[in-house]
Amino acid sequence: MPDPAHLPRHPRGRAAHAARVVRALRLGALIAVAALVVLLVLTWPSSAPDLEGNNVNIVITGLWIGFVWAVARLQDDLRRVGTVIGILLTALPGLRVVRAVLGAWWESYRESSVDVPVLLVVAATTTGVIALITLDILLLHLRRSTGIGRTDPNDPARWRPLREPLPEEPGQAQGPGGTGGPRRWVTATATALPVVVFLLAATLPTAALRPVNQVIASPVPQAELPQRPTIPATEVSWTYRTDGLLAMAAGAAGPILVRDGEVEALNPDDGTTRWRYTRPGASFTDLRPRITENEEVLLVVSPDARHLALRIADYVKVLDMRTIVTVVLDAVTGEVVLERESTTLDTLQLTDSVLLDGYDAVSLDDGRTLWSLPRPEQDEDPEPQDPDDWTGPVAYSGPAGHSTLIVDVDYEDNGSSLTTNATLTLVPEGDPTATTEVPHVAVDPAADSVVVVDGWTGQYSAGAPVIQGYDGKDDVVPGWDMQAVNLDELASGADGSSRTIPLGQAPGIHGAASTAAGTLVTLAPVTAAGVEGRPATTGLWVGAVLDTITGAVSPGDQYPGLAAARLGTTRTVDNAEVTRWVTVELADGSPPVRLRIDPTTVVNAARFGGCSPQQISGWGYLDDCAAAMSAPGVIVIALDAGRYPENAHILYGLVGQSR
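Residues -7 to 651 in the working numbering are what the sequence shown lists, from first letter to last.
Take a look at the structure:
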């Protein structure tokens, strides 16, 4: 029989049970931390820099905690005071990081509805490390309190399994590493508990949160979708008041409204809600790739109007990274077709079936990344920027061709202060290597951007326009011969097969009128008049209007639709009674459309006596007192209802005549 004096010592009684449970918890914490580190690597966003700003604070905190742990492990006699100090020096800095990370996660979700899962993983990993080190320090103290040495095979603080007690040791309790006597389920539960708790903490909030509220509509067969009308009706079919209106768009089944954190589609026949997509707290990001004076571009509609795309972006200071979520909705049903985390705020384009999200072409059918454009070398590791300054190198976001994408835009001014034309690089959506350059493409001088309608755009047929010495004050800017070209036909590569439609002479494309009417609208020759260098015409701003469905071209002064119309308010006086009207004056000389304004629906109604009808401008038509849009099944007139609440509008639905 071995000499009892030389047998390994074991914790006894309560100390043995405590050692057993704490060792199991420590093992579980170690497993949890290892799993969380793997999860952290998998979820770490490419937009986050490696060691910048607040990331350095996290790393420094980690190094400090590691130093405290190392000092504690070197102690042979860790007393109670030392144990408490070691735990505090570990927990307080670590919990400070956890608090900052969780605060950033909640702030991002509350203010933008963007869930940043990596922040939860960082918080859970940090908490797991704190728990692991705290449990290890407790075991170091337990070693001292039981009188067991560091080299003893039954040291409770050791990481290897403990030595089994010898059967001949009468009355001695099983050690923490033993298999007999102790309740195995207690040890197993203590081991599993940290793994379950920390993994759930890292993943459950993301799985449980539902940032989106939706009302879904039924699908509509293509043959039953309404047509986009041209001529407005003279009677109001419905009215609808909306607060916070930021933008309007034409979906395949009717008008679409954009408010802060909400997209709503209306039924064109009665103005009721068709579908609604709401993300409380979210703000949709301006998609303009260039800083212009034009209104914000908050959504992109596909050429067939069956899909629309938006972006939500947030800047996470605690990790010095930006988070961007791109959402694509079915414009007919309101269902989410695609939601993906984007790596850049660069280009957002739609064909009928593909999304170009920055440098990635993504299928709308299954969400697969079909191909990716090479990133410029200087953007391989983009620096975080203030959200207001995020712009991209591909200077166009909007609808592309039905099956063609614009992968590069080179804007030119030809010696003037105005952007006059651009060279486009096109690729078929299925083959990014088959590039086609299209020179002398006309731009919208108000937005400094190309304009694409139903896959068509304008091109100067006699080469790049030359405006030497234009200073935005006195010079007359004539038009140049322009033709309409189809992006899909140009990108197909078939020589001589692309159609061209003459549009007459024009100095550019009228983007706002094109969007409002759903036609390709050219500007009339202009003089460089007045307000902050913006071009202005001496008469009608619209030169020609192309119906992209029929191919018909109408002179602006003969067009009966919205493209060349004047919108505003007028008033009449009858027996001292003043009546105010929303007035649409058509350029072809047809009788104006007048819609009576109910004074009870408008704040400060007296203002609308002096808002004379104006042509659709390129500088934020929703900032005007009245705006209009032709959508499938209805023409919508939006009347500014006053300053409070902000962006309140009364919508008038006119079921017009289809072209």
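For every residue, glycine included, the Cβ atom is placed at its ideal position computed from N, Cα and C.
{"Check": "Name the residue from I122, T183, T119, R176 whose alpha carbon lies nearest to the alpha carbon of G20.", "Outcome": "T183"}
{"Check": "Do three or more CB pairs link the segment 617 to 636 to the segment 226 to 243 at distances below 8 angstroms?", "Outcome": "yes"}
{"Check": "Looking at the secondary structure, which residues open and close the alpha helix (DSSP H) in which D480 lies?", "Outcome": "479 to 483"}
{"Check": "Please confirm whether D436 and S453 have their CB atoms less than 7 angstroms apart.", "Outcome": "no"}
{"Check": "Going by the beta-carbon positions, is the gap between G548 and A557 smaller than 7 angstroms?", "Outcome": "no"}
{"Check": "Helix, strand or coil: which one does DSSP assign to N205?", "Outcome": "strand"}
{"Check": "Which two residues bound the contiguous beta strand (DSSP E) that contains L291?", "Outcome": "Premise fails: L291 is in no beta strand (DSSP E) and is neither H nor E."}
{"Check": "Which whole-angstrom value is the C-beta distance of V444 and P391, which I expect to be below 8 angstroms?", "Outcome": "5 angstroms"}
{"Check": "Cα-Cα, which of D322, H502, R135, V89 is closest to V113?", "Outcome": "V89"}
{"Check": "Any idea what DSSP makes of P431, helix, strand or coil?", "Outcome": "strand"}
{"Check": "Measuring alpha carbon to alpha carbon, tell me which of A323, G326, L342, V317 ends up nearest S334.", "Outcome": "V317"}
{"Check": "From D378 to A414, what distance separates their C-alpha atoms?", "Outcome": "With a pLDDT of only 41 at D378, under 50, the local geometry of the prediction cannot be trusted, and no value is derived from it."}
{"Check": "Which complete beta strand (DSSP E) runs does the segment 222 to 254 hold, if anything under 3 residues is left out?", "Outcome": "230 to 234, 239 to 243, 246 to 251"}
{"Check": "Over the uninterrupted alpha helix (DSSP H) stretch that includes T181, give me the two end residues.", "Outcome": "176 to 200"}
{"Check": "Tell me the rounded alpha-carbon separation between V189 and T117.", "Outcome": "11 angstroms"}
{"Check": "For E606 and L559, what's the separation of their Cα atoms in angstroms?", "Outcome": "Note on residue identity: the sequence assigns Gln, not Glu, to residue 606. Going from the Cα of Q606 to the Cα of L559 covers about 5 angstroms."}
{"Check": "Which residue wins for smallest C-alpha separation from E429, given the options D480, D107, I248?", "Outcome": "D480"}
{"Check": "Note down, in chain order, each residue of its chain lying with its Cβ closer than 7 angstroms to the Cβ of A64, except the 5 sequence neighbours on either side.", "Outcome": "L70, G78, I129, L132"}
{"Check": "Check the C-beta distance from V324 over to A209 and give it rounded, since I have them as a contact under 8 angstroms.", "Outcome": "7 angstroms"}
{"Check": "Nearest to G263 by alpha carbon, out of R271, P272, G246?", "Outcome": "G246"}
{"Check": "Given a cut-off of 7 angstroms on the beta-carbon distance, is the pair L191 and R18 in contact?", "Outcome": "no"}
{"Check": "Assuming contact is defined by CB atoms lying nearer than 7 angstroms, are A504 and L554 in contact in what I supplied?", "Outcome": "no"}
{"Check": "Check each candidate in A115, L84, T82 and name the one with the smallest Cα separation from A96.", "Outcome": "A115"}
{"Check": "Return the chain-ordered list of same chain residues with a C-beta closer than 6 angstroms to the C-beta of Y644, the five sequence neighbours on each side being excluded.", "Outcome": "V228, T231, L587, I629"}
{"Check": "With DSSP as the reference, label H133 as helix, strand or coil.", "Outcome": "helix"}
{"Check": "Opposite Y403 in the DSSP bridges: which residues?", "Outcome": "A414"}
{"Check": "Would you report the Cα separation of W36 and D235, rounded to the nearest angstrom?", "Outcome": "39 angstroms"}
{"Check": "On the DSSP letters alone, give me the boundaries of the beta strand (DSSP E) that A619 sits inside.", "Outcome": "618 to 623"}
{"Check": "Three-state secondary structure (DSSP) at R65?", "Outcome": "helix"}
{"Check": "Going by C-alpha to C-alpha distance, which of L291, L337, D338 sits closest to D322?", "Outcome": "L291"}
{"Check": "Please state whether DSSP places L365 in a helix, a strand or coil.", "Outcome": "coil"}
{"Check": "Output yes or no for whether 7 angstroms exceeds the beta carbon distance between P260 and T198.", "Outcome": "no"}
{"Check": "Quick check on A544: does DSSP put it in helix, strand or coil?", "Outcome": "coil"}
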